[in-house]
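Residue numbers (our numbering), protein chains in the order written: chain A, 1 to 469; chain B, 1001 to 1255.
Backbone N, C-alpha and C fix where the C-beta goes; we use that ideal spot for every residue, glycine too.
Since we're looking at a predicted model, the values are computed, not measured.
Notes to accompany the following structure.
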């Protein structure tokens, strides 16, 4: 047999080809969005036909929808000046030396371990404590828990994936959900089997072989009947990325009797537009909690929502937003009561410093037939300076006379008296300000895992430095 | 007489916002370790004096000097004054929601110490101080002044004083809003702290004489019209109780 044929029979060509597609760009990233770009993304990910068609359909929806005119100012967001897909390998090429000193210093002062810093800065590939991860992973596998990148989820569990994907946030939901549906890349796929309780939080940065946090991340989570789990995305350290646009979609299905908590804390670069759709569908007796911390960015528009579609379902949205100078945090929550005896709670805490602006935007909707629905909304704003701004846009739509809906809002300005009181005990003005802020967010922060709460407190201290005078 | 720990010379101060003059030439010396009381009618400037000493930003000093432990107090920021050993027990303590008393006190102690405050020693001391002031141990976990009764707020002020161990404690109307039992507890606490640390100087600011039944001052000063108009021994307080402040109002008016 000629040598060439033998080699061919070994199937190495195929392997080689595969190898090449993984490591050398078949296309050059280009700015702007077109059908061509969407096709390239899908081809590059070797997706099934249905996903390509889904993406293309979503692209058409995106193109047909006008830019939203409510919320924050999107007039300076140039959607043609964005790379819609950057392969993970290209992202990895950044070196530690390129990471700005200010970011490195913040890592240092937050006490972030060396190995994690590199991941956070996008120059490392995976979480250092792989051993920890592996033992956890083994435990999860034994329980039947699926915790994969979204790409692997689609590849390995095509039926499960297809059954739920885009059922909670369909592409036509809003312009940016459509955009994400067309170009999504990166994110998690999680399935918790019936009755399984996962004690250790599933942390996104534990996920090996994951693409770095993408601009258009897509996460799909299914908590099956009676299961319990906690998923954590992000951390308080500043995310270092050169992207100026982040538009994610998070979908969660909470089956009857399941309890799920999704915690995300993100600290984006100050030039970033961050537009995220997070939604959970909560079935009978299910319990969903969103714990959401938004720091940084130029503009964040994010309203985690719970659709309470099964009797007795409960939804909770606890959020902290911090708007520094030049930033606008337009955040809040959405609870939609569809079934009887559903309950919900929103607690939103925002802090505006300098010329920062924090807006609370919330919707509480009770459909006819959602008898005895109960909802309580509390939004508190703290202003640090005279130039700081806050607004509240609570929308309440009730079609059911038995509904019990409460809304409380407060705005406070950090008082001269409070600062003087603390300073008269020896705290510097910065320490005093940080203490008032910490106390203000405490009702939400206490729900965070300890290490996150500690980091958040340290971060606030750093943010307060030089904030006065 | 020992070296004064605090020396106030011809102190003038105005409300920053409208430049209204409140202190119109206060002169006062506090020898180390003594307990002095400043009494006076409402609006005489007593509380303003307390706040000016602590460095409240709502007031501006327009003239005069204040020397604390040989240092020019007026050059220090409020937090520096505290770290130098000055303590003000507030007449109206403010709420700090979400910050526990324990956390607050530990941060305050940390701010004035070079090393780490030992958590166990701190807890032990806090517990002991709370017993002294007859408050429940759960008190330490409550948010600072948040939802406190008037009496609890005042006890909290004295608890802070007990923990921070100042060289000079200025108690601004600590007796106001206290019933007689609470007043006794607070006064007893102050007396105990003074016994423990005889070098601590105490300046009591009060409208009424009744506090002085429980905390015996070495000296009593009468303030009226933004100045100290008379000084004397403890008997002066009794005289005031009997005769009221009328004559001092006239003195102040004439000044």
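Check: Are there three or more Cβ pairs, one per stretch, closer than 8 Å when the region 179-190 of chain A is compared with the region 218-229 of chain A?
Finding: Between the region 179-190 of chain A and the region 218-229 of chain A there are three or more inter-stretch CB-CB distances shorter than 8 Å, so the stretches are counted as touching.
Next item on the list: Rounded to whole angstroms, what's the CA-CA distance from residue 450/A to residue 261/A? Just pull it up for me.
Entry: In the first chain, residue 450/A corresponds to position 450, counting from 1. In the first chain, residue 261/A corresponds to position 261, counting from 1. Residue 450/A and residue 261/A: Cα-Cα distance of roughly 15 Å.
Margin query: With a threshold of 8 Å between beta carbons, is residue 163/A in contact with chain B?
Written below: Along the first chain, read from residue 1 onward, the residue named residue 163/A stands at position 163. By this cut-off, residue 163/A is not an interface position.
Margin query: Taking CB distances under 8 Å as the criterion, tell me whether residue 409/A reaches chain B.
Written below: Within the first chain, the letter at position 409 stands for residue 409/A. False, the Cβ-Cβ gap to chain B never drops below 8 Å.
Item checked: Whole-angstrom distance between residue 1129/B and residue 394/A, CA atom to CA atom -> Taking the first residue of the first chain as position 1, residue 394/A is located at position 394. Taking the first residue of the second chain as position 1, residue 1129/B is located at position 129. Whole-angstrom Cα-Cα distance: 46 Å.
Check: residue 208/A by DSSP, collapsed to three states: which one?
Finding: Taking the first residue of the first chain as position 1, residue 208/A is located at position 208. Confidence in residue 208/A is poor, its pLDDT being 41 and thus under 50, which makes the residue's placement unreliable; the coordinate value appears in the next sentence. Residue 208/A falls in the coil class under three-state DSSP.
Item checked: Proximal residues of chain A, C-beta to C-beta of residue 1139/B below 9 Å -> Locating residue 1139/B in the second chain gives position 139, counting from the first residue. None at all; the shortest Cβ gap to chain A is about 17 Å.
Notebook entry, point to check: Using Cβ-Cβ distances below 7 Å, what residues of the region 1197-1208 of chain B are close to chain A?
Noted result: If the cut-off is 7 Å between Cβ atoms, the region 1197-1208 of chain B has nothing near chain A.
Next item on the list: Could you have a look at residue 1042/B and say whether DSSP puts it in helix, strand or coil?
Entry: Counting from 1 along the second chain, the entry for residue 1042/B is found at position 42. It is coil, neither helix nor strand.
Check: Any idea which residues DSSP pairs residue 290/A with across the strands?
Finding: As a first step, residue 290/A is located in the first chain; it is residue number 290 there, counting from the start. DSSP output for residue 290/A lists 262/A and 317/A as bridge partner(s).
Next item on the list: Report yes if the CB atom of residue 366/A is closer than 8 Å to the CB atom of residue 399/A, and no otherwise.
Entry: Taking the first residue of the first chain as 1, we reach residue 366/A at position 366. Taking the first residue of the first chain as 1, we reach residue 399/A at position 399. Taking 8 Å as the Cβ cut-off, residue 366/A and residue 399/A qualify as a contacting pair.
Check: Any Cβ of chain B within less than 8 Å of the Cβ of residue 464/A?
Finding: Indexing the first chain from 1 puts residue 464/A at position 464. So, not an interface residue.
Item checked: Interface residues of chain B facing residue 436/A [CB-CB closer than 7 Å] -> Your numbering for residue 436/A matches position 436 in the first chain. For residue 436/A, the chain B residues whose C-beta falls within less than 7 Å of its own C-beta are 1096, listed in chain order.
Checklist line | Three-state secondary structure assigned by DSSP to residue 389/A | finding: As a position in the first chain, residue 389/A is number 389, starting the count at 1. In the structure shown, residue 389/A sits in a strand (DSSP, three-state: E or B).
Item checked: Under 8 Å from the C-beta of residue 423/A: neighbouring residues of chain B -> Translated into positions along the first chain, residue 423/A becomes position 423. Contact annotation for residue 423/A against chain B: 1055, 1077, 1078, 1079 and 1082 [CB-CB distance below 8 Å, chain order].
Item checked: DSSP-derived helix/strand/coil call for residue 1037/B -> If you number the second chain from 1, residue 1037/B lands on position 37. Three-state DSSP puts residue 1037/B in a strand.
Notebook entry, point to check: How many angstroms separate the CA atom of residue 154/A from the CA atom of residue 146/A?
Noted result: Working through the first chain from its first residue, we reach residue 154/A at position 154. Working through the first chain from its first residue, we reach residue 146/A at position 146. When rounded, the distance between both Cα atoms is 12 Å.
Margin query: Please state the DSSP three-state secondary structure of residue 358/A.
Written below: Here residue 358/A is taken as the residue at index 358 of the first chain, counted from 1. It is a strand residue.
Next item on the list: With a cut-off of 8 Å on the beta carbons, I'd call residue 338/A and residue 344/A a contact; round off their distance for me.
Entry: In the first chain, counting from the first residue as 1, residue 338/A sits at position 338. In the first chain, counting from the first residue as 1, residue 344/A sits at position 344. Actually they do not touch by this definition, with Cβ atoms about 11 Å apart.
Check: With burial defined as no fewer than 16 other Cβ atoms inside 10 Å of the residue's Cβ, what is the status of residue 1124/B: buried or exposed?
Finding: Start at 1 with the first residue of the second chain, and residue 1124/B comes out as number 124. Under a 10 Å Cβ-count criterion, residue 1124/B is classified as exposed, with fewer than 16 other Cβ atoms of the shown protein chains found around its own Cβ.
Next item on the list: Measure the beta-carbon distance from residue 405/A to residue 182/A and round it to whole angstroms, keeping in mind my assumption that it falls under 8 Å.
Entry: Walking along the first chain from the start, residue 405/A turns up at place 405. Walking along the first chain from the start, residue 182/A turns up at place 182. With a Cβ gap of about 36 Å, residue 405/A and residue 182/A do not count as contacting.
Checklist line | Those residues which DSSP pairs with residue 1091/B across a bridge | finding: Counted from its first residue, the second chain places residue 1091/B at position 91. Beta-bridge pairing by DSSP links residue 1091/B to no other residue.
Item checked: Backbone secondary structure at residue 51/A - three-state DSSP -> Position 51 of the first chain, counted from the first residue, corresponds to residue 51/A. When secondary structure is reduced to three states using DSSP, residue 51/A falls in the helix class.
Note to self: Alpha carbons only, please: which of 455/A, 373/A and 324/A is nearest the one belonging to residue 351/A?
What the structure shows: Taking the first chain and counting its residues from 1, the one referred to as residue 351/A is at position 351. It is 324/A.
Next item on the list: Could you work out which residue in 81/A, 380/A and 228/A is closest to residue 143/A when comparing CA atoms only?
Entry: Counting from one through the first chain, the residue named residue 143/A turns up at place 143. Looking at the Cα atoms, 228/A is the closest of the given residues.
Next item on the list: Please say whether residue 310/A and residue 286/A have beta carbons closer to each other than 8 Å?
Entry: Here residue 286/A corresponds to residue number 286 of the first chain, with the count starting at 1. Here residue 310/A corresponds to residue number 310 of the first chain, with the count starting at 1. Taking 8 Å as the Cβ cut-off, residue 286/A and residue 310/A qualify as a contacting pair.
Next item on the list: Enumerate in chain order the residues of its own chain whose CB-to-CB distance from residue 329/A is below 6 Å, with the five nearest sequence positions on each side excluded.
Entry: As a first step, residue 329/A is located in the first chain; it is residue number 329 there, counting from the start. Its chain contains 294, 300, 321, 323 and 358 as the residues whose beta carbon lies nearer than 6 Å to that of residue 329/A, once the 5 sequence neighbours on both sides are disregarded; these appear in chain order.
Item checked: At least three beta-carbon pairs within less than 8 Å, the region 1184-1192 of chain B to the region 1094-1107 of chain B -> Flag = no, the region 1184-1192 of chain B and the region 1094-1107 of chain B do not touch.
Notebook entry, point to check: Which term fits residue 16/A, buried or exposed, when burial requires 16 or more other beta carbons within 10 angstroms of its beta carbon?
Noted result: The residue you call residue 16/A lines up with position 16 of the first chain. Confidence at residue 16/A is low in this model, with a pLDDT of 33, below 50, so its placement is unreliable and no value can be given for it.
Notebook entry, point to check: Which whole-angstrom value is the C-beta distance of residue 303/A and residue 331/A, which I expect to be below 8 Å?
Noted result: What you label residue 303/A is simply residue 303 of the first chain in a count that begins at 1. What you label residue 331/A is simply residue 331 of the first chain in a count that begins at 1. With a beta-carbon spacing of about 7 Å, residue 303/A and residue 331/A fall inside the 8 Å limit used to define contacts.
Notebook entry, point to check: Are the beta-carbon atoms belonging to residue 1012/B and residue 1061/B less than 8 Å from one another?
Noted result: To locate residue 1012/B, count along the second chain from 1; it is residue 12. To locate residue 1061/B, count along the second chain from 1; it is residue 61. Cβ distance < 8 Å, so residue 1012/B and residue 1061/B count as in contact.
Check: Counting only runs that start and end within the region 1151-1182 of chain B, where is the beta strand (DSSP E) found for 3 or more residues in a row?
Finding: 1168-1172, all fully within the region 1151-1182 of chain B.
Note to self: Can you check whether the C-beta of residue 1160/B is within less than 8 Å of a C-beta belonging to chain A?
What the structure shows: Here residue 1160/B is taken as the residue at index 160 of the second chain, counted from 1. Cβ-Cβ to chain A under 8 Å: yes for residue 1160/B.
Item checked: Coil, strand or helix - residue 1055/B by DSSP -> As a working mapping, residue 1055/B is identified with position 55 in the second chain. Three-state DSSP puts residue 1055/B in coil, outside helix and strand.
Notebook entry, point to check: Rounded C-beta distance between residue 348/A and residue 375/A? I'm assuming under 8 Å.
Noted result: Taking the first chain and counting its residues from 1, the one referred to as residue 348/A is at position 348. Taking the first chain and counting its residues from 1, the one referred to as residue 375/A is at position 375. So it is not a contact: roughly 13 Å between Cβ atoms.
Next item on the list: Grab the span of the alpha helix (DSSP H) containing residue 44/A for me, first residue to last.
Entry: Indexing the first chain from 1 puts residue 44/A at position 44. 35-44 is the span of the alpha helix (DSSP H), which, as asked, contains residue 44/A.
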